[in-house]
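In our numbering, the protein residues as written are 131 to 644. A short worksheet on the structure shown next.
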Amino acid sequence: MSYWFNIRTAAEMGDHFQWYPLAAIVYALLLGVIAPGARARLRAAVILIILFTIGLLVCGLMLSKGLTDNAIAYRWLHFAAQLSFVVAVINLAGVSIFTIGLDALRIRPAPILRDIVLGIAYVIAFIMLLSRHGVNLSGIIATSAVVTAVVGFSLQDTLGNVMGGMALQMERSVAVGDWIRIGDLEGVVREIRWRHTSVETRDWDTVVIPNSNLMKSQVAVLGRRQGKPKYHRMWVHFHVDFQHSPADVIETIQSALRADPIHNVATEPPPECILKDFIDGDGQYAVRYWLTDFSKTDPTSSEIRSRIFVALRRSQIQLSIPTQSLHVTMENQARARRKQEQELERRTTALAKVAFLATLTDQERTELATHLSVCPFRHGEVITRQGNEAHYLYTLTKGTAEVRVAGASGETRTLATLKAGDVFGEMALLTGERRTASVVATTDTICYRLDKDSFAEILYNRPEIAEAISQTLARRKLELDVLNKDLNAEAMQAKVDHTQNDLLDKIRSFFMLR
131 MSYWFNIRTA AEMGDHFQWY PLAAIVYALL LGVIAPGARA RLRAAVILII
181 LFTIGLLVCG LMLSKGLTDN AIAYRWLHFA AQLSFVVAVI NLAGVSIFTI
231 GLDALRIRPA PILRDIVLGI AYVIAFIMLL SRHGVNLSGI IATSAVVTAV
281 VGFSLQDTLG NVMGGMALQM ERSVAVGDWI RIGDLEGVVR EIRWRHTSVE
331 TRDWDTVVIP NSNLMKSQVA VLGRRQGKPK YHRMWVHFHV DFQHSPADVI
381 ETIQSALRAD PIHNVATEPP PECILKDFID GDGQYAVRYW LTDFSKTDPT
431 SSEIRSRIFV ALRRSQIQLS IPTQSLHVTM ENQARARRKQ EQELERRTTA
481 LAKVAFLATL TDQERTELAT HLSVCPFRHG EVITRQGNEA HYLYTLTKGT
531 AEVRVAGASG ETRTLATLKA GDVFGEMALL TGERRTASVV ATTDTICYRL
581 DKDSFAEILY NRPEIAEAIS QTLARRKLEL DVLNKDLNAE AMQAKVDHTQ
631 NDLLDKIRSF FMLR
C-alpha cells in the first residue's frame, strides 16, 4: 500500500482528510483578525493542528514500514495526534462561542465559566478517544473514585480556593475593576484566578488573597449601587472658631465648592458642608463630597482643602488654631506699623494703575486703599461670572486669569489673558451692570477687591469726579469697540460725548448722587 493511503488510514477522516487541518488553520487565522484578544488561544490551536499533521505523517510512515495498527508505539502516537486535533477544534469552538458569539449578543459570562465548559469538553473528548482505542473505562472509573477521595482530602484548602473562585465569578459578587475594602486593605481587583484574587492597593502594591478567605470575609464593594453611577463618599474636616456664625461658614464653603466643577467630584449630589460637633471652643465642620475616580482620593481631598482655605480667606474667616498649641510672636509696635505701611503702599500702588481713578488725590487713593480686601482664588475657580450682578472691582496682584465669554449655543471663547497689575470689573462697580464676561483663574491668584460702599464715600465727598470718571470709561469703551475703528476724529468725539453722558447718568443713578 502507498504512503498516502496509510496516512489517510491513520487520519480516519475519509478521502479528503487533508483539507480539514488546512481549513482549521485558515479559520483560526480569521478568528485572530476578528478577536485579537484571543490570539494566544488561537496560536495554541494552530500549534496543535500542526502537531496533529506531523503525527499523521509519522503514523503513515510506521504503517509503510510494516508496523500494524495494534503496535503500542503506533497506538499511542495515533491517540496523541487525534487528541491534539480534537483539543484544537474545541479551542476554536470556544473562541467562536464565548469570545465572538456571546459578545455580539452582549452576553459576557464569567471567564471561569468558559474554562469549566471547555474543561468538561476536554474530558468528554478524552474519554471518547480512549473508548475508540479499546481502553476499558470501567476499571479506570473505579480506580479514579478512590484516587479522587484521597486527592480531595489532601487538597481541601486548594479545592476551597478553587470553589471560592468559581463562586465569585459565577455570582459576580466581586468583579475585575471593582474597588473593595477588606479590613484595613483597600484597592482595585485586578484579576480573579482559580485559586486567588489579586488586589492592587493605592500604594501600587499587589496583594494576593486566597479565594476561600475572600469568601469568608466581609467585603465592601465601594460605590456599587443598582442602576446608579459608581460614587464613593469622602470627608474633609476642618475647625472654625465660634466667633463666626455656622450659617455663614456653611454658606461660604458650599457656594465655593458648588460654583465651579472640581475634577473627580460629582456635581449631583453636590458637595455639602455640615457642622458636626463642638470641640474645645471650636466648631468642627466637615465637607462631604462624592468621588468619581476612586484612585484619586488624596489629590481630590487636597483640592477640596485648598478650595476651603481660599473661600474662608476671601470671607475673612480664619481656620482655628488648636487650643492646646501656644504661639508666641515677639513683635514690637514699630515692626507691626512698618508691615502695615508696606501693605498700604502695595494697595495704593495697585489703585494708581486703575485709569479711571487717576482723578483721585493721593489722600483719597490712600483712604480707598484701606478698604481693599484680599481675595485669593484657586486655579479653576470663577472670579466673576458672566450675567451675575456683583459690584466689585478687582486688581490682580498675583497669578493669571482668562476672560471668557459664553455664546448663545453654549460655546466658550477666551477673549484675553490677565496678569498681575490688570484690573477688571469697573463697569459693574460704577454702573451696576451685570458681568458681560467670566473671569476664570488659570493659576492660584490673589486679588485686591473694592466694593461699591467703599467707593461711594469718595463720590459723596466729591461728586464732581463722576464726570471725569465717566469720560475715561467712555473713551476706553469706544476704543475697544471694533465697530468704531473707521470713525474720523469728529465722529469719534461725538460718540464719546454721547457715551459719556449715558455713563454719567448711570453712575449718578447707581450711587444716588442726584
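We put the CB at the ideal spot given by N, CA and C, even for glycine. Keep in mind that this is a model prediction, so the values were computed, not measured.
Straight-line Cα distance separating residue j from residue i
| i | j | result |
| --- | --- | --- |
| Leu352 | Thr331 | 13 angstroms |
| Arg205 | Arg323 | 37 angstroms |
| Trp309 | Arg320 | 10 angstroms |
| Arg515 | Ala536 | 10 angstroms |
| Arg437 | Gly510 | 10 angstroms |
| Ser194 | Val338 | 55 angstroms |
| Ile599 | Thr575 | 28 angstroms |
| Arg238 | Phe228 | 8 angstroms |
| Gly167 | Asn343 | 31 angstroms |
| Phe182 | Val329 | 40 angstroms |
| Lys582 | Leu526 | 18 angstroms |
| Gly555 | Tyr590 | 21 angstroms |
| Ser132 | Val188 | 14 angstroms |
| Ser385 | His521 | 18 angstroms |
| Arg327 | Ala350 | Before going on, a small fix: residue 327 reads as Thr here, not Arg. Those two C-alpha atoms are separated by around 15 angstroms. |
| Gln463 | Ile312 | 58 angstroms |
| Arg443 | Glu594 | 36 angstroms |
| Val216 | Gly162 | 19 angstroms |
| Ile177 | Thr542 | 58 angstroms |
Pair within 7 angstroms by beta-carbon distance, residue i and residue j
| i | j | result |
| --- | --- | --- |
| Cys403 | Cys505 | no |
| Leu559 | Leu523 | yes |
| Pro376 | Leu421 | no |
| Ile656 | Ile179 | In the structure as shown, the chain begins at 131 and stops at 644. Residue 656 is therefore absent and cannot be evaluated. |
| Ala211 | Leu172 | no |
| Lys360 | Asn394 | no |
| Arg565 | Asn518 | yes |
| Ile380 | Ala441 | no |
| Trp334 | Ala416 | no |
| Arg418 | Arg355 | no |
| Phe231 | Leu248 | The sequence given here has Gly at residue 231, not Phe. It is not a contact, given that the beta carbons lie outside the stated cut-off. |
| Ala140 | Gly190 | yes |
| Leu222 | Ala175 | yes |
| Lys528 | Ala550 | yes |
Helix, strand or coil at residue i [DSSP, three-state]
| i | result |
| --- | --- |
| Gln373 | coil |
| Val395 | strand |
| Val156 | helix |
| Pro151 | helix |
| Pro429 | helix |
| Pro359 | coil |
| Ala567 | coil |
| Arg262 | helix |
| Gly190 | helix |
| Val121 | Since the displayed the chain opens at 131 and closes at 644, residue 121 lies outside it and no answer follows. |
| Glu316 | strand |
| Thr547 | strand |
| Trp365 | strand |
| Asn614 | Below a pLDDT of 50, predicted positions are generally treated as unreliable, and Asn614, at 41, falls in that range; no measurement from the model is reported. |
| Gly185 | helix |
| Ile513 | strand |
| Pro166 | helix |
| Gly413 | strand |
| His208 | helix |
| Trp334 | coil |
| Ala201 | coil |
| Glu402 | strand |
| Leu645 | One cannot answer for residue 645 here, as it falls past the ends of the chain, which runs 131 to 644. |
Assumed close pair residue i, residue j - CB separation to whole angstroms, cut-off 8 angstroms
| i | j | result |
| --- | --- | --- |
| Leu213 | Leu159 | Not really, about 23 angstroms apart at Cβ, beyond 8 angstroms. |
| Leu512 | Ala389 | At residue 512 the sequence reads Val, which differs from the Leu that was named. About 6 angstroms separates the two Cβ atoms, so the contact holds. |
| Asp371 | Ser431 | In fact, because the Cβ distance is near 23 angstroms, the residues do not count as touching under 8 angstroms. |
| Leu548 | Ala567 | 11 angstroms between Cβ atoms; not a contact. |
| Ala170 | Ile220 | That pair is no contact at about 15 angstroms. |
| Ile447 | His374 | 5 angstroms |
Do the segment 465–484 and the segment 402–417 make contact, defined as three or more Cβ pairs closer than 8 angstroms?
no
Do the segment 569–585 and the segment 529–545 make contact, defined as three or more Cβ pairs closer than 8 angstroms?
yes
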